[in-house]
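To start, the structure itself, in structure tokens.
There are 2 protein chains.
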Amino acid sequence: MSVIKSYSASGPKARVIPTNIERRPVGPNDVQIAIEHCGVCHTDIHFVNNDWGMTNYPVVPGHEIVGRVTEVGSSVKNFKAGDRAAIGCLVDSCGVCVNCEKGLEQYCLNGFTATYNSETTDPGGFTYGGYSTSVVAKESFILSIPDNLKGPGVAPLLCAGITTYSPLRNWNISPGQKVGVIGLGGLGHMGVKFGRALGAQVTMITSSEQKGEDARMLGAHEVLLSTSANALAKEAGSFDFLLNTIPVDHDLTPFLELLKTDGAMCVVGAVEPLSKVNAAQLIFGRRSLTGSLIGGIAETQEMLNFCGGNDILSEVEVIRMDGINEAFERMRKSDVKYRFVIDLATLS
Amino acid sequence: MSVIKSYSASGPKARVIPTNIERRPVGPNDVQIAIEHCGVCHTDIHFVNNDWGMTNYPVVPGHEIVGRVTEVGSSVKNFKAGDRAAIGCLVDSCGVCVNCEKGLEQYCLNGFTATYNSETTDPGGFTYGGYSTSVVAKESFILSIPDNLKGPGVAPLLCAGITTYSPLRNWNISPGQKVGVIGLGGLGHMGVKFGRALGAQVTMITSSEQKGEDARMLGAHEVLLSTSANALAKEAGSFDFLLNTIPVDHDLTPFLELLKTDGAMCVVGAVEPLSKVNAAQLIFGRRSLTGSLIGGIAETQEMLNFCGGNDILSEVEVIRMDGINEAFERMRKSDVKYRFVIDLATLS
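Pasting the structure below:
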């Protein structure tokens, strides 16, 4: 066991502050990573504040982890000290349920072990995340990073990236299809990049003209202003797929109307009750409203390889570890393009 | 043109009463049918009462029409006088949009012509339905009835039948799958029969123990009481597909929880805003909420042929034409097993 420098929160409304935590020793199947960068996800704020009533304090957030291998267990085959490696939202799952057998560890029927705040036999009793100098996890949950993907823009691929890549792949987005990405934030900006790289015609759907222009620079072919009833009416029934990244409950009616017959809208942002879903829009058009959660380990590796092949990185703003509380404040105001990434060298 | 005995309503809260209406003369592509039976759909009540604000009075309801051909136009190829024939919810569509080209006339992008209350160049300016002694429609919207399907139980196949058959086919329901049918009424009882005939393991999900027993007699393998939290919890995550026939807004949460990862719930009853859809259930399980509207003409014929091959009829209670208002009253109280069918001999 070793004591690791970390940042954690100790209770709701607490700031994230320097803390020493213990990591487990490196077991036979484990990989230890010295963390270089960790992305800052909205989920981190929810856990710090206990918004979902399930936080175990002290919580060390962070599940967009990139670094270098410092030690491997005796049975580890695919990693060695010095390799670049990454960890996303999952560090374990049952491995035997039908979903795990299909590589859908994110839907593990026995409950996956999240990178932080999940019960574990490790010291402390709960997993600790990437706001930390080091992490230890099972080899089978460690990702490889293609050589050409460098710098802090890799880290957000591990959550924002896979969260948008997985539904686009699951719903077979391909050339010739018209895809709308609703909302331009950490998730939305990755949705635009992936949709474009997959060959689809990509429209950014946003309430902000400025964000529309920003989205064009990221690769969106078109911009649709959701504040304009006229603009929405012109595009009614024209989309094959909508990736909805809005993080809160909202009226889905204007968006569902954009879908073609048999089209689907996938919600990846709002993990909460939706109060306005009009069944008539589903019935008169056989449309689907669906959702998607991050991705499995094999698919996350596929996504990283796809990013390597297409030179895709997240757009990020690098912060010091002690700038995290200010970053949280700015995220609450959507004041970030498009993801904060912590430089963990500032903690060591 | 000929004046036909019919029953129509003249305004909201009006009773359906005897009326003479004019039908168009039989054109070159038309088929005239002497109506023997017409099913009574909840939609009829909605139109009589103008619940959806779109009724054109006088309205002659009825879109589950079965009878015998009395006259055909000079270009008609597949029907001759004396043939048994049927008409469902559609009597025309644009024929040229992408959906019509795919045989999805029910999703015609230019708006299909409904069997009643749709604009037409016919006398009266609107189509008139099957509460009538005779009807004239285009050959391409006329269905053939397999010889072994006899009696009043054929009529409801034209709406209740296709409304439940189409989604089960579209979502590829097949042997080995576990299908839940939510609600036992005109739609639900057909869903049970079709699910069973397609080889699925069928569960009736109902709030009524009595309806559960009735569903078993119709072919359901299992019954799940939606009033029992324990029973629901035991079945969580076990269904491949749910056919939701509840006709009004309701909390979808207990039902979505029943779906497996990648499962879908198809709403065919509640054509209205849904106030309780929890996105977390869609996201943590990649579940879909979808809808479906009747079926196209080719699929409706396929459904009738499937019924012929599997000896499937609706369970009905036959009424006289002048019993229609009482039937509406009983339908409002769900007091019908499972569909009223008008014997039009009582009108002629």
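Protein chains in written order, with this note's numbering: chain A, 532 to 879; chain B, 532 to 879.
Glycine included, each C-beta is placed from N, C-alpha and C at the ideal position.
Owing to the predicted nature of the structure, the values given are computational and were not obtained by experimental measurement.
In this structure, how does DSSP classify residue i when only helix, strand and coil are distinguished?
i, result
"A:SER879", "coil"
"B:GLY572", "Reading the sequence as shown, one finds Cys at residue 572 of chain B and not Gly. If DSSP states are grouped into helix, strand and coil, B:CYS572 belongs with coil."
"A:ARG554", "strand"
"B:ASP614", "coil"
"A:GLU602", "strand"
"B:GLU880", "Residue 880 of chain B cannot be examined here, being either before or after the span of chain B that is shown, 532 to 879."
"B:ALA545", "coil"
"B:GLY660", "coil"
"A:ILE814", "helix"
"A:SER533", "strand"
"B:TYR588", "coil"
"B:VAL622", "strand"
"B:GLU636", "helix"
"A:GLY684", "helix"
"B:VAL579", "helix"
Kindly indicate the opening and closing residues of the beta strand (DSSP E) around residue i.
i, result
"A:ILE736", "732-737"
"A:ILE850", "847-851"
"B:VAL710", "709-713"
"A:SER874", "Reading the sequence as shown, one finds Asp at residue 874 of chain A and not Ser. Element bounds for A:ASP874: 870-874."
"B:LEU820", "819-822"
Assign residue i to one of two classes, buried (16 or more other C-beta atoms within 10 Å of its C-beta) or exposed (fewer than that).
i, result
"B:THR792", "buried"
"A:VAL779", "exposed"
"B:PRO549", "exposed"
"B:ARG615", "buried"
"A:VAL629", "exposed"
"A:ARG727", "buried"
"A:ASN775", "buried"
"B:ALA876", "exposed"
"B:GLU860", "exposed"
"A:VAL798", "buried"
"B:THR758", "exposed"
"B:ALA691", "buried"
"B:ASP782", "exposed"
"A:ALA795", "buried"
"B:THR784", "exposed"
"B:ALA686", "buried"
"A:VAL863", "The sequence given here has Arg at residue 863 of chain A, not Val. Burial call: exposed."
"A:PRO706", "exposed"
"B:LYS544", "exposed"
"A:ARG546", "exposed"
"A:ALA746", "buried"
"A:LYS633", "exposed"
"A:ALA762", "exposed"
For the alpha helix (DSSP H) containing residue i, list its first residue and its last residue.
i, result
"B:LEU699", "691-701"
"A:THR831", "828-841"
"A:PHE859", "855-863"
"A:VAL666", "Taken as a continuous stretch (DSSP letters only), A:VAL666 belongs to no alpha helix (DSSP H), being part of the beta strand (DSSP E) at 665-669."
"B:VAL629", "629-632"
Taking C-beta pairs closer than 7 angstroms, name the residues in chain E that residue i reaches, listed in chain order.
i, result
"A:ASN630", "In the structure shown, chain E does not exist; the protein chains are A and B."
Confirm the yes/no value for this check: CB of residue i, any heavy atom of the ligand COA, distance under 7 angstroms.
i, result
"A:VAL603", "For the structure depicted, the ligand COA is absent and the ligand set is empty, with no information on it obtainable."
Legend entry - Touching by the beta-carbon criterion (3+ pairs, under 8 angstroms), the region 671-689 of chain A and the region 842-853 of chain A: yes
Inset, instruction - Entirely within the region 717-774 of chain A and at least 3 residues each: give me those beta strand (DSSP E) ranges in chain order. - result: Counting only runs of at least 3 residues, the region 717-774 of chain A fully encloses the following beta strand (DSSP E) elements, listed from N- to C-terminal order: 732-737 and 753-756.
Inset, instruction - Jot down the residue ranges of each uninterrupted alpha helix (DSSP H) in the region 769-810 of chain A, minimum 4 residues, whole runs only, in chain order. - result: 784-787
Inset, instruction - Would you check if there are 3 or more beta carbon pairs closer than 8 angstroms linking the region 735-752 of chain B to the region 710-724 of chain B? - result: Counting Cβ pairs under 8 angstroms, three or more are found: they touch.
Inset, instruction - Determine contact between the region 603-611 of chain A and the region 577-590 of chain A, defined as no fewer than three beta-carbon pairs at a distance below 8 angstroms. - result: no
Legend entry - At least three beta-carbon pairs within less than 8 angstroms, the region 824-839 of chain B to the region 669-676 of chain B: yes
Inset, instruction - Please confirm if the region 650-657 of chain B is in contact with the region 813-824 of chain A, defined as three or more CB-CB distances below 8 angstroms between the two stretches. - result: No: the two stretches stay apart, fewer than three of their Cβ pairs being nearer than 8 angstroms.
Legend entry - Contact the region 747-758 of chain B vs the region 584-598 of chain A: 3+ CB pairs below 8 angstroms: no
Legend entry - Any 3 or more C-beta pairs closer than 8 angstroms across the region 595-603 of chain A and the region 561-569 of chain A: yes
Legend entry - Contact the region 855-874 of chain B vs the region 573-580 of chain B: 3+ CB pairs below 8 angstroms: yes
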